[in-house]
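Structure record follows, encoded as structure tokens.
Residue numbers (my numbering), protein chains in the order written: chain A, 299 to 474; chain B, 3 to 985.
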């Protein structure tokens with residue numbers, strides 16, 4: 299963010315060393331060719347902007363790829379946690395579900411610094427979203443492997459109360 | 003998701019309970035939530051032991067076959083022995099001043115018990131040749147040098163047995179010579195002759211004189227009376243006897259004089275002027291006097307030396323007469339009790355001086371105790387050398403009271419030893435609006451209690467304080483309140499006893515809240531009434547909250563099945579008899595509680611009479627209309643054990659009157675009489691709640707339980723094997739068990755156990771039945787389980803369909819749709835023989851179940867249902883282990899810590915009742931027999947509440963400390979921030 303601002307260049311003051319107004323009564327130092335100042339001012343800024351855009355898009359890709367590392371780490375931790383239900387595995391699973399979710403919520407904010415007319419942010423965003431979704435899928439898969447997803451018939455009928463009986467019958471042996 | 007989490011939580015619970023399969027109690031927790039009451043039953047005989055200095059006691063034998071030694075000062079039990087249900091105590095006496103002699107089992111077992119501690123000293127089995135009356139005579143001052151013999155007449159023989167070691171001295175068989183029936187054994191003091199007085203063929207009077215030393219017959223006299231005799235011969239004096247003739251209108255006075263027998267007849271009507279129906283000679287032995295009771299009065303008749311009969315006094319027929327008590331110098335005294343309104347009059351008279359009362363006392367008596375049934379008297383010498391008397395009286399409600407100096411010294415509610423039926427009632431809701439002072443007081447008490455507890459936990463308490471803590475725990479006023487509590491632990495246990503008395507006991511400490519002697523069940527001279535069933539009649543829930551709950555008592559007046567029934571409705575809070583519907587015109591052989599209620603929350607009941615007609619109660623038009631609407635789906639069945647038939651009935655459309663209905667026979671199952679005999683039938687408890695119809699098994703698979711309330715378990719054995727164990731060979735005995743649908747009569751399942759026999763004890767709950775029987779081949783008791791599953795629902799396994807609700811699981815089921823069922827069963831050995839089996843019941847049926855087994859040792863054992871799971875296998879898979887399935891073992895484990903009765907015994911255990919508490923984890927258990935025992939059990943631990951001894955003070959302290967810590971750290975952090983900013 300700081301860097302980006304610097305590049306954008308909101309300068310407060312400047313010292314201009316190339317004084318074009320003065321006559322050339324002093325010879326140029328030997329080996330100095332007055333070629334660069336001839337270049338167009340606008341081309342110079344474009345170049346700058348190009349560099350900036352390049353840098354931005356590079357950065358955006360980097361940001362988009364960041365969840366991948368996360369994903370790997372999560373996977374490793376899940377593998378470590380095992381498939382039994384206890385505090386650790388449940389904590390990891392829920393954080394694995396929560397992290398991508400919160401990341402997806404803030405997807406606009408994450409890519410805001412790299413917003414530029416020239417930079418195409420769609421691809422990194424898509425990658426970012428895909429990776430996060432992948433993380434979430436990993437979480438869900440973990441949840442399932444822990445047996446906490448209602449994917450079996452037993453999960454839907456385990457608290458189904460007994461059906462009502464139409465007939466009633468009572469009685470028994472004679473009382474003595 | 004929630005469901006899945008719940009599932010996993012339950013799984014967790016199961017796992018945690020797996021680690022500690024039994025729940026046990028610490029020593030200081032005894033009495034916190036349980037209570038135990040010891041009783042003896044209705045006293046038949048009482049012998050006082052007050053001669054020596056020291057503990058004065060009375061020895062009693064009761065109708066519950068208990069012999070006990072009671073403290074005469076307070077009525078507490080010194081010791082007690084409960085003999086088996088078939089070992090009826092005939093006689094009780096004291097020998098040598100240190101042994102209690104009991105004659106039981108129709109005179110075939112003679113035992114001596116040590117008087118101070120009740121240890122058995124010796125036991126003798128007496129064999130006889132025929133059935134006869136059992137008589138016991140313990141001579142007090144025999145002047146023969148023989149080691150203190152006891153004379154017992156039983157089985158047609160006279161036995162002399164040494165009271166020191168129970169050795170046989172001699173035996174005289176009367177049955178060899180004649181078929182005499184000996185009525186009395188008389189041992190006149192100082193002589194060496196036993197007189198046996200009896201009757202042969204109820205027409206010949208016989209006296210035998212038998213040598214005490216060797217049992218030789220010295221003399222035999224006989225005289226015949228053509229009229230025959232009724233009842234017992236009563237000795238009046240040494241050589242005179244009285245007996246009634248067969249017509250009960252003539253008193254025969256028999257005089258035996260030097261080998262000659264002289265008979266003298268006197269008409270009862272000459273003695274009693276007026277009605278003389280149902281005359282009996284009372285068995286009170288008073289020297290020179292006998293007493294006659296007729297329908298109208300009791301007369302005392304003196305036999306003069308010349309053989310004349312003089313009527314001395316006429317008293318009311320409700321008067322109860324005691325035996326004569328020998329005072330000093332040959333004086334005899336006896337007591338009379340006269341019943342008054344809410345008081346009784348006790349008078350003691352001397353036999354030689356009948357004209358005046360030696361002592362007369364009036365005692366106030368609760369009229370709920372009914373009439374006096376028996377009286378035993380005892381004397382003591384006062385400081386002024388005069389005789390004082392104490393009287394032990396047995397009341398109509400079987401309670402035992404000691405009267406002395408015109409006051410009731412102590413009372414024992416021994417009617418509670420014969421509980422017939424149990425139900426419960428909720429207590430009233432607590433009134434809102436408690437005074438502030440009370441709240442402050444209780445808050446203070448509460449805090450104090452918890453501070454003490456805190457001290458206890460931190461080991462800071464002194465021994466006194468430890469005792470105080472225990473006291474607080476035991477006498478927590480919370481548990482004894484007369485209001486409903488949040489957890490549903492406080493209830494009223496309503497007990498119907500054999501005496502026809504209704505008791506309400508508070509579950510907190512077992513105290514009697516009220517008791518009522520039901521007028522409709524009182525036995526009169528015309529008819530004998532007895533209670534049959536106790537049912538909840540009105541349970542106010544929503545509509546009728548201002549009504550008190552009430553119970554229905556169904557009884558029968560008479561001995562046969564066709565006798566008219568007696569019905570009464572009793573308020574459960576006050577014990578008042580609200581309605582007395584009896585004696586109803588119809589008999590009652592079955593009481594069926596219908597699952598319908600009217601607008602005042604009265605439960606509809608169907609009473610089936612001996613003619614198979616159904617009578618509807620309450621008899622209101624509203625109830626009739628409700629029943630009319632539902633009558634198409636109401637069925638009942640009867641089990642005729644003798645005939646070996648099960649019959650099912652429906653209500654006939656045409657009914658004879660508005661409230662009584664004819665039955666139409668729908669089906670019958672006839673068991674072949676030559677091979678099967680019904681020995682047990684069990685149904686589900688009607689108020690049982692089942693949480694779910696699905697059973698989740700390993701790998702998340704589902705099985706659907708066949709849950710039907712209309713299922714009956716029937717066990718039959720081959721007729722040869724219906725006797726006791728050992729009476730049939732394994733090849734002859736076959737046990738067959740059935741599960742039968744009682745609506746259609748369809749046999750759902752039938753299983754045969756070869757080489758097994760009863761007695762069968764079973765319990766049916768949800769979709770399983772567990773039964774206990776004897777395996778003759780293995781020589782061990784076995785327990786089997788059958789679980790029944792509904793195959794017609796097994797297809798409902800598609801998750802998507804279940805999510806969108808496309809399944810037939812909630813559609814009402816009819817027995818006529820004949821659902822396919824499958825069963826699973828398994829058998830295990832079980833060490834104990836069993837008296838009763840029950841199962842824990844909880845409010846919602848979520849908590850796992852415990853079987854409650856009343857063992858032969860009169861204890862209640864809790865056995866986890868998981869031990870009797872037919873899916874147990876030798877090597878369960880990982881998934882099955884996770885499910886909580888135990889590896890199969892051949893025998894069921896008996897874990898000593900899982901006896902719910904811990905150190906107590908519920909003597910003479912007859913039944914175990916379980917009542918759900920409002921708290922789902924907890925089930926209330928009430929076991930009854932001669933003793934009563936109550937406790938709470940939590941089969942899956944109290945997962946839904948904190949334990950009683952949870953330390954709230956510690957929790958509060960922790961919270962306060964945390965709050966202070968938060969505040970302090972906040973101040974510190976603020977200060978640091980400020981410093982940072984100034985830097």
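Where is the CB? At the ideal position from N, CA and C, for every residue including glycine.
Rounded separation between residue i and residue j - CA only
{"i": "residue 984 of chain B", "j": "residue 441 of chain A", "result": "51 angstroms"}
{"i": "residue 374 of chain A", "j": "residue 390 of chain A", "result": "11 angstroms"}
{"i": "residue 103 of chain B", "j": "residue 169 of chain B", "result": "14 angstroms"}
{"i": "residue 461 of chain B", "j": "residue 894 of chain B", "result": "41 angstroms"}
{"i": "residue 905 of chain B", "j": "residue 34 of chain B", "result": "14 angstroms"}
{"i": "residue 24 of chain B", "j": "residue 493 of chain B", "result": "Because residue 24 of chain B sits at a pLDDT of 43, beneath the cut-off of 50, its placement in the model cannot be relied upon, and the point is left open."}
{"i": "residue 897 of chain B", "j": "residue 834 of chain B", "result": "13 angstroms"}
{"i": "residue 593 of chain B", "j": "residue 916 of chain B", "result": "20 angstroms"}
{"i": "residue 119 of chain B", "j": "residue 101 of chain B", "result": "10 angstroms"}
{"i": "residue 470 of chain B", "j": "residue 695 of chain B", "result": "49 angstroms"}
{"i": "residue 630 of chain B", "j": "residue 617 of chain B", "result": "13 angstroms"}
{"i": "residue 705 of chain B", "j": "residue 776 of chain B", "result": "31 angstroms"}
{"i": "residue 360 of chain A", "j": "residue 378 of chain A", "result": "28 angstroms"}
{"i": "residue 463 of chain B", "j": "residue 457 of chain B", "result": "5 angstroms"}
{"i": "residue 671 of chain B", "j": "residue 763 of chain B", "result": "22 angstroms"}
{"i": "residue 313 of chain B", "j": "residue 73 of chain B", "result": "39 angstroms"}
{"i": "residue 608 of chain B", "j": "residue 837 of chain B", "result": "30 angstroms"}
{"i": "residue 7 of chain B", "j": "residue 881 of chain B", "result": "Note that residue 7 of chain B has pLDDT 43, beneath the 50 cutoff, so the model's placement of it is unreliable and no number is given."}
{"i": "residue 346 of chain B", "j": "residue 322 of chain B", "result": "11 angstroms"}
{"i": "residue 270 of chain B", "j": "residue 136 of chain B", "result": "29 angstroms"}
{"i": "residue 393 of chain B", "j": "residue 227 of chain B", "result": "39 angstroms"}
8 angstroms contact criterion, which residue i and residue j should meet: CB distance rounded
{"i": "residue 183 of chain B", "j": "residue 200 of chain B", "result": "5 angstroms"}
{"i": "residue 396 of chain B", "j": "residue 91 of chain B", "result": "Rounded, the Cβ-Cβ distance is 15 angstroms, inconsistent with contact."}
{"i": "residue 923 of chain B", "j": "residue 851 of chain B", "result": "About 12 angstroms separates the two Cβ atoms, so there is no contact after all."}
{"i": "residue 639 of chain B", "j": "residue 649 of chain B", "result": "6 angstroms"}
{"i": "residue 222 of chain B", "j": "residue 232 of chain B", "result": "Rounded, the Cβ-Cβ distance is 24 angstroms, inconsistent with contact."}
{"i": "residue 529 of chain B", "j": "residue 560 of chain B", "result": "5 angstroms"}
{"i": "residue 399 of chain B", "j": "residue 501 of chain B", "result": "5 angstroms"}
{"i": "residue 847 of chain B", "j": "residue 684 of chain B", "result": "That pair is no contact at about 19 angstroms."}
Bounding residues of the alpha helix (DSSP H) (the contiguous stretch that carries residue i)
{"i": "residue 892 of chain B", "result": "From DSSP, residue 892 of chain B is part of no alpha helix (DSSP H); its letter is neither H nor E."}
{"i": "residue 434 of chain A", "result": "420-443"}
{"i": "residue 965 of chain B", "result": "954-984"}
{"i": "residue 398 of chain A", "result": "385-403"}
{"i": "residue 451 of chain A", "result": "451-455"}
{"i": "residue 416 of chain B", "result": "First-last for residue 416 of chain B: undefined, no H or E at that position."}
{"i": "residue 881 of chain B", "result": "880-885"}
{"i": "residue 803 of chain B", "result": "801-806"}
Start and end residues, beta strand (DSSP E) containing residue i
{"i": "residue 538 of chain B", "result": "531-540"}
{"i": "residue 173 of chain B", "result": "170-175"}
{"i": "residue 273 of chain B", "result": "That residue, residue 273 of chain B, is in no beta strand (DSSP E); its alpha helix (DSSP H) goes 270-273."}
{"i": "residue 908 of chain B", "result": "Here residue 908 of chain B belongs to no beta strand (DSSP E), and DSSP marks it neither H nor E."}
Under 9 angstroms, CB to CB, which of the residues in the segment 448-466 of chain A have a partner in chain B?
Of all residues in the segment 448-466 of chain A, 448, 449, 450, 451, 452, 453, 454, 455, 456, 457, 458, 459, 460, 461, 462, 463, 464, 465, 466 have a Cβ within less than 9 angstroms of some Cβ in chain B.
Start-end ranges of the alpha helix (DSSP H) lying completely within the segment 597-641 of chain B, minimum 4 residues
Complete alpha helix (DSSP H) runs here, min 4: 623-632.
Short of 7 angstroms Cβ to Cβ, which residues in the segment 616-638 of chain B face chain A?
Listed in sequence order: 635, 636, 637, 638.
Quick one: which residues of the segment 384-408 of chain B get their C-beta closer than 9 angstroms to a C-beta of chain A? List them in chain order.
Residues: none.
Taking only beta carbons into account, state which residues of the segment 375-391 of chain A come closer than 8 angstroms to chain B, listed in chain order.
Those residues of the segment 375-391 of chain A placed with their C-beta closer than 8 angstroms to a C-beta in chain B are 383, ordered along the chain.
Quick check on the DSSP output: what are the complete beta strand (DSSP E) runs of length 3 or more inside the segment 480-521 of chain B, in order along the chain?
Every beta strand (DSSP E) stretch that sits fully inside the segment 480-521 of chain B and reaches 3 residues is listed by chain position as 493-499, 503-508, 514-519.
Interface residues of the segment 594-613 of chain B facing chain A [CB-CB below 9 angstroms]
Per Cβ criterion, the list reads 594, 595, 596, 597, 598, 608, 610, 612.
Report the residues of the segment 709-722 of chain B with a CB closer than 8 angstroms to any CB of chain A, ordered along the chain.
For the segment 709-722 of chain B, which is checked against every Cβ of chain A, the residues closer than 8 angstroms are 709, 710, 711, 712, 714.
Counting only Cβ-Cβ distances shorter than 8 angstroms, please list the residues of the segment 526-539 of chain B near chain A, keeping chain order.
Result list: 534, 535.
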